[in-house]
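When you line the sequence shown up against the numbering used here, it's residues 18 to 326, in that order.
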Amino acid sequence: MSLVTTKEMFKKSIDEKFAIGAFNINNMEFVQAIMDAAYAEKSPVILQTSSSAIKYARVPYLKKMIEAGLEEHDIPVALHLDHGPDFETCKMCVDNGYTSVMFDGSKYDFEKNIELTKQVVEYAHERGAVVEAELGKLAGVEDEVNVAANDAIYTDPDQALEFVERTGCDSLAIAIGTSHGAYKFKGEAKLRFDILEKVKSLMPNVPIVLHGASTVIPEYVEMCNKYGGNMPGAKGVPDEMLHEASMRGVSKINVDTDLRLAMTAAIRKVFAETPEQFDPRKYLGPGRDFIEETVRHKIRDVFGSSNKM
């Protein structure tokens, strides 16, 4: 199967009330683990790269690894740019065969965000790609996204409707209380489902996206800390809340931190228990296994996309 856009998978997700996992990739082990998990669960999947991941791994390598995965697994896969910082990055990805790009104009005011998003939409649509945009602003730190907590802004549902109508974007990332990175909440986790409900009532057929939605899996945080890590107070969005979001109309849920934690926990464990080990296959392999296990859990138990191909 060739790469696909998110159009059909999002339509199915809205009709049948489940979400599709969008998993960030950085190297071969991430690609293999995610695609193996999606194939095992018979689920559509979105593989996404940040601009930092592109700088690290480079587009030709990322694409060829995914194409190799598609030779093994006949599943719907979209290749997506996560947090495209400018038109040039979005254009580069579209020109290199990405089927979906996100332009993140959340740092701009409303009118400027519309203007720049519309520019990306026009270019991508002419070439058969789809566009995700963002309205509102998430706190947290991850890759090149760095927003202080007091700068976070919830999405205004009425503005969201106007934004989608004026830009023509295909999906919209909204801010309802999630945040980037491993330190999402200091106290009790809370998401503004009232905002989500209002957005969906105004735009029932527009796919909605949640960024900063890793669970920050406690077992992996504990394992990292046990074997020499230093992550006190790391806390994410509980699985139960993410499952509720998928049932309430969120079509795409982003996962990055959980995959990093899974890989790092496995590597730390191998190094601590077998300090003489220096073969990368002996620690990257367990990391790949942990990522696959994490992705299968997300698909099956949280997003509800198993058997939704």
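Glycine included, every Cβ here is placed at the ideal spot set by N, Cα and C.
For clarity, every value in this text was computed on a predicted model and none was experimentally measured.
Here N130 is buried: its Cβ has 16 or more other Cβ atoms, across all protein chains shown, within 10 Å. Judged by DSSP in its simplified three-state form, N41 adopts strand.
Separation of A95 and M52 (C-alpha to C-alpha, rounded to the nearest whole angstrom) is 11 Å.
With the rule of 3 Cβ pairs closer than 8 Å, the stretch 109-125 counts as touching the stretch 73-80. Distance between D296 and A289, taken at the CA atoms: about 14 Å. For V138, the three-state secondary structure derived from DSSP is helix. In this structure, DSSP gives S323 a state outside helix and strand, which the three-state scheme calls coil. Taking all protein chains shown into account, R298 has fewer than 16 neighbouring C-beta atoms within 10 Å of its C-beta and is therefore exposed. Within the same chain, Cβ atoms closer than 7 Å to the Cβ of T184 are found at I131, T134, K135, V138, A150, the five residues on either side in sequence being excluded.
Within the same chain, Cβ atoms closer than 6 Å to the Cβ of A282 are found at Y237, M240, C241, the five residues on either side in sequence being excluded.
By the 16-neighbour rule on beta-carbons within 10 angstroms, S19 is exposed. Considered as a whole, the stretch 258-326 harbours 274-290, 297-314 as its complete alpha helix (DSSP H) runs of no fewer than 4 residues, in chain order.
At a Cβ-Cβ threshold of 8 Å, M248 and A192 do not count as neighbours. If you check the CB distance, S123 and G101 do not come in under 8 Å. The DSSP-derived three-state label of K80 is helix. A residue is called buried once 16 or more other Cβ atoms fall within 10 Å of its Cβ, and Q65 is buried on that count. Excluding five sequence positions before and after F210, the CB atoms of its chain that fall closer than 8 Å to its own CB belong to I193, E261, A262, R265, given in chain order. Secondary structure at V254: coil, using DSSP grouped into helix, strand and coil.
Around the Cβ of N222, a 10 Å sphere holds fewer than 16 other Cβ atoms; the residue is exposed.
Under the three-state reduction of DSSP, T66 is assigned to strand.
In the DSSP assignment, I31 falls within the unbroken alpha helix (DSSP H) covering 24-33. A Cβ-Cβ separation of about 15 Å leaves V312 out of contact with F35 under the 8 Å criterion. Here I31 is near P224, since their CB atoms are less than 8 Å apart. Checking the DSSP bridge columns, you'll see G101 partnered with F120. The Cβ atoms of H97 and M119 lie closer than 8 Å to each other.
For L227, the enclosing beta strand (DSSP E) has its first and last residue at 225-227.
Proximity to A177 across S196, E128, Y140 peaks at E128, based on C-alpha coordinates.
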